[in-house]
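Report on the following structure.
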Amino acid sequence: MKPLKVVMSAFCPYADRTELDLSAFGGQGLFLITGDTGAGKTTIFDAIAFALFGEASGSTRTVDTLRSDFAERNTKTYVELTFMHKGKIYSITRNPSYERPKRSGDGVTTENPDATLQLPNGDVITGYRDVTAKIVDILAINYRQFKQIAMIAQGEFLQLLLAGSKERGDIFRRVFNTDFYQTVQSLLKDSEREAKKRCEKIEQSILQYISGIICPESEQGQLLSAKVSTATIHTSDDILAELRVLITSDTMLLDNLKQQIDKLDKDIATQITMITQAKYINQAFADLKIIQEKQKSLNEHDRENNVQKKTLQDAEKALYVVYPLEAEYLREQEAEQKLTQSISVLDIEIQAQIENMKTVQAAYQAEIEKEPEREKFVSAIDRLTKMLPQYDASELLESELQMLEENQLTVCEVLKELREQKADLLEQKGSLNKVLEGLTDIEINLLTCKQEAKQLEASQSGLLDLQDSLSTLSKLQVESTGLQMQFTDKQGVFLAVNSVFIEKETAFLREQAGLLATSLEDGNPCPVCGSTVHPSKAMLAENAPSEAVLNELKNETDLARQNMQKVSEESASKQTEVKLAQKQLLHDAEVYFKDIDRSIMQEQISVLVESALAECRQKKMENDYKYLELKELVSLKNQSKERVDLLEQSLQTNEDIATQKEQQRSSIASNIDSKTGELRILKSSLEYASRLQAEASIEKWAGNLLSLKEAFRQAEEAYYALKNKLDGNQTLISDKRERLTNIIQDKQQALESYINKRSECDFPNEEAYHSALKTESEIIELRDSINQYQSEVQAVEQDLRRLSKETENKQKLDIEQLETAKQKQEEEKKQADESIQTLRARMFTNDPIVQALEIAIPDAVTHQQEYLLFSNLSKTANGELAGKQKLAFEQYVQASFFNQILIEANKRLKIMTNSRFELLRQEDSVELRSQTGLEIDVLDHYTGRVRSVKSLSGGESFKASLSLALGLSDVIQSYAGGVEIDTLFIDEGFGVLDNESLEQAIQTLVGLADGNRLVGIISHVSELKERIDRQIVVSKSNTGSRLILRI
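Quick note: the sequence shown uses my numbering, first residue 16, plus one each step.
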């Protein structure tokens, strides 16, 4: 993917439509994006990333903040990108969500995010998400991968260079998606944990089974019990074997006990039969004696039973034969008495009714004669009732007239209020128009104030950056001074140690010469100079060191020299950083201040920044107050305009209502005149002044008529009621007298039947009959007593015959002796039953335990083997094997990627450092207790030593981090599969490099841009401007940023 043209509109600091034609660079080579800090250099890459994927590149910048604060209200925010991929041209347009002014009316509305993609074949894809999905499909990478391949962000790869194994592993996890391998590690760890739990669980089950074994009290059982109490998983097989033997022994013992109990059951059954027969015979002898005594008692009550039979016969004849006839006679006698009394009472009542009939009949005749008076009242009521609707019409007209007069008064009052309201509205409108005349240019003043606020904000931000730069410079100077003091200390140590070494070395050499001189003889040649004459031989030195001591001093001297050189290099590197920081500070300060004295630059800039910040804050505070006041005035102007519009609407409404009310007033006056004439004509034809008086007369006449009708009705009802009652009583007394004659005859016949039947039943008189008469319940009780006696006699005779037969030729037996024998047999059976219950309980418990152990013990072996397998895999995958390097599975995979990254990185680092440095992955951990595998060392080919990458100077660290970033980009692109990203943006700190290092870095990037690749460097370093001709120059102002393309 190679961008050809980028168009930004109201995007970040670019207020207007800004077009960048990248095709002018010829599609390859190195170019520079330079400009002021905060002008929008990195925004160019943001625009490309946003157009493609709808996201911004910064970690703190979000899509909803991409709208430019400098843009005009009606300027649209969007990015257009034309790019080439695999020889085909694509065009994409995308806008974020942002607030814009409403097309009609005041206020703002939200513009929804949208995107359009035009394909090489002319097809068009629309929709924010759909376009992003298509771009991912075309480029074969997502936004995160694109950022890693196409953008080397400032500081990120220095962090990667200096990170520890864990931090670097987190970075590689995001870059190469190695989460899967970490998941495999976690799954294996979980599998190991679960397998261990299963082993522990089944071992606990086995031990729990064993603890439940019931052992007998025998010697064998006590031995097994001892093993059970001290059981472990390793002794479970032995315990299982002994338990099987115990169960076999218990089975045989159970069979013997069952046979013993069967024999005892038979003996006890035989004994129970003998006891039962003995009890039966003995009971028969006892029952025979009782029956004989009972027979004797019954014979003594035989005479009394015969008397009860005679009493029962007389009572049944008296109750069931004679009593019904007596009762009939008494009923007829009572009926005669009641009817006679009733006839006497009714005769007296009839005589009184005859006398009362005369008075009632006279009153009824008087009311009949009042009929003409009643008809007169009916005629008068009917005539006046027909006139009542005319009274209603009269009252309705009066009501309508009253309502019209009230409406006329209301309309007049409304007209008066409308005239007063109109005058008030006109006065308010005049006042508001004067206010609006004084606020004519208030919006322009507000916009000017807002622009001043943005300028002050930008100035304050720049000054705060200068303050940070001053603080950083001071820190670097303190560190540099500290390193210089360390160098002085290290140099003093070195000089002292070196002086001692030289002194000792001289003594040692003199000692060696003295030893040699002792063997010299005149005439023999010296092995050193060859002379045969030895006029002045060397003497042995006092206190000469041994060779071992001298070597030790030499090592101390070398170590002191190395420490001094190391501090010297660090001090030189730190001084370089201080100079670069001073140079950058001066460059940034000259944007705000002129004529800076370089000799006191730092103090002068600090004072100037403090003063400028105070002034800026004061102006910003004043501008903020002014902005709030202007904003309130703009709000007042808008409210006044709205109020004027409302007042004009109210005036028009007032005029319309006044016209309507005037017409209404004229109509009401005309209706009042018409209704008044109608009312005058209607009242002249009425008999009474009002309906109320007419209704009062009707009500009075109706009352009189009602009284006459009520008196007639009462007299008529009283007459006919008394007449009907008298006729009924006369008929009733005739019927009762006839019934009395019949009842007297029936009573005489019933008396004769009663006397005859009493004589037939052998009752000589009425006294004898009543003495024999008993109630139904008494007769039943008497009959039951007789029957019970007869039943007892028969039962005793039957029992006597049976028991005599059962005891014939037999005698009583000794039951106690038989019971004693049976109890002895039952005790023997009870002991045998208890032994069986104990044995069965033990077998019931032990049998399932054997079955469970036969399954669980092999399962435990299987689970233990499974645990060992998962444990070994988990420890291998998680780098936890004892005595091995702590390299986990994910780190092993990441190390493979890391090796490839370092191979690619070293290709660039070799060029930039003249083959001095080479990045190496630390293969072996210093100790086997910590997890490593992603540490970086650096090989210095000048010294042949391998040291930590953290020991590199600032410039060396930049070269290494840049090489590492380029290597990472190459590896990611190679693993993306078919990905072609032919453009690379580098946003790194080139300011820390000296001229030679900067030249080497540029040559590396030029080599990277050879062929068909476009490489852009984002930097404000002035040296790069001199070395790179093709530039995009970004400048900022108080109205937004601009860019210029230089070829």
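Note that CB positions come from ideal geometry on N, CA and C, so glycine has one too.
Beta strand (DSSP E) segment containing residue i, residue limits
i	result
Lys20	Lys17 to Phe26
Ile1033	Leu1029 to Ile1033
Gln1046	Gln1046 to Ser1052
Ala130	Asp129 to Gln133
Pro116	Tyr113 to Pro116
Arg88	Counting along the chain, Arg88 falls outside any beta strand (DSSP E), and DSSP gives it neither H nor E.
Val953	Ile951 to Asp955
Ile48	Gly44 to Gly50
Val808	Unbroken run through Val808 is the alpha helix (DSSP H), Glu791 to Glu821; no beta strand (DSSP E).
CB contact flag (residue i, residue j, <8 Å)
i	j	result
Lys385	Leu723	yes
Ile225	Ser206	no
Ile713	Leu399	yes
Ile1033	Asp1002	yes
Val908	Leu935	no
Val649	Leu481	no
Ser484	Gln599	yes
Ala155	Ile107	no
Val21	Ile59	yes
Ala575	Phe502	no
Asp282	Met858	no
Ser24	Thr131	no
Phe904	Gln200	yes
Leu818	Ala293	no
Nearest residue (CA-CA) to residue i, options the options
i	options	result
Gln838	Ser244, Gln292 and Ala284	Ala284
Val1049	Ala54, Asp31, Lys17 and Leu47	Ala54
His956	Asp750, Ser930 and Ala975	Ser930
Lys762	Asp152, Glu585, Lys103 and Tyr344	Tyr344
Met402	Gln43, Gln915, Leu707 and Lys738	Leu707
Leu967	Gly102, Lys690, Lys581 and Arg188	Lys581
Lys1073	Glu1041, Gln1046, Phe912 and Val811	The requested residue 1073 does not occur in the structure, where the chain is confined to residues 16 to 1062.
Leu1060	Lys56, Leu1020 and Ile801	Lys56
Val146	Gly69, Lys211, Ile221 and Phe191	Gly69
Leu815	Arg632, Ala867, Gln499 and Ile305	Ile305
Gln1018	Leu977, Leu134, Asp848 and Ala468	Leu977
Tyr607	Ser474, Ala717 and Lys641	Ser474
Glu382	Tyr784, Ala730, Asp799 and Arg960	Ala730
Asn321	Leu643, Ser1056, Asn802 and Leu461	Asn802
Gly50	Lys1040, Thr1054, Ile1062 and Asp1044	Lys1040
Where the alpha helix (DSSP H) containing residue i begins and where it ends
i	result
Arg785	Strictly speaking, residue 785 in this sequence is His, with Arg absent from that position. Unbroken alpha helix (DSSP H) run through His785: Glu781 to Ala787.
Gln597	Glu562 to Ala604
Thr668	Met616 to Lys698
Pro863	Ile830 to Ala892
Thr147	Tyr143 to Leu154
Asp205	Asp194 to Ser226
Phe727	Arg706 to Glu775
Arg1057	Note, Arg1057: premise wrong, no alpha helix (DSSP H); beta strand (DSSP E) at Gly1055 to Arg1061.
Paired residues, beta bridge with residue i - DSSP
i	result
Leu8	Any question about residue 8 goes unanswered here, given that the chain covers just 16 to 1062.
Tyr335	Tyr335 is not bridged to any residue.
Pro387	According to DSSP, which records beta bridges pairwise, Pro387 is partnered with nothing at all.
Gln322	The amino acid occupying residue 322 in the given sequence is Val; Gln does not appear at that position. Paired residues: none, contrary to the question.
Ile167	Ile1001
Asp36	Lys20
Ser1065	Residue 1065 is absent from the model: the chain starts at 16 and stops at 1062.
Phe932	Asp955
Proximity test, Cβ basis, 8 Å: residue i and chain C
i	result
Ile758	In the structure shown, chain C cannot be found, because there is only a single protein chain.
(request) Report yes or no: do three or more beta-carbon pairs, one from the region 362-374 and one from the region 743-755, lie closer than 8 Å? (result) At 8 Å Cβ cutoff, the stretches touch.
(message) Whether or not the region 253-267 and the region 236-244 are in contact is what I'm after, with contact meaning three or more pairs of Cβ atoms, one per stretch, closer than 8 Å; do they touch?
(response) Output reads yes: the region 253-267 touches the region 236-244.
(message) If contact is defined by three or more beta carbon pairs under 8 Å, each pair taking one atom from either stretch, is the region 454-474 in contact with the region 663-670?
(response) Contact fails: fewer than three Cβ-Cβ distances are below 8 Å.
(message) Pairs of beta-carbons, one from the region 440-453 and one from the region 727-741, closer than 8 Å: are there three or more?
(response) Contact between the region 440-453 and the region 727-741 is absent: fewer than three C-beta pairs spanning the two stretches fall below 8 Å.
(request) Inspect the CB distances between the region 691-703 and the region 410-417 and report whether three or more fall short of 8 Å. (result) Of all C-beta pairs linking the region 691-703 to the region 410-417, three or more are shorter than 8 Å, placing the two stretches in contact.
(request) Count the CB pairs spanning the region 875-890 and the region 199-216 that are closer than 8 Å, and state whether there are at least three. (result) Pairwise C-beta distances place the region 875-890 in contact with the region 199-216, as three or more of them are shorter than 8 Å.
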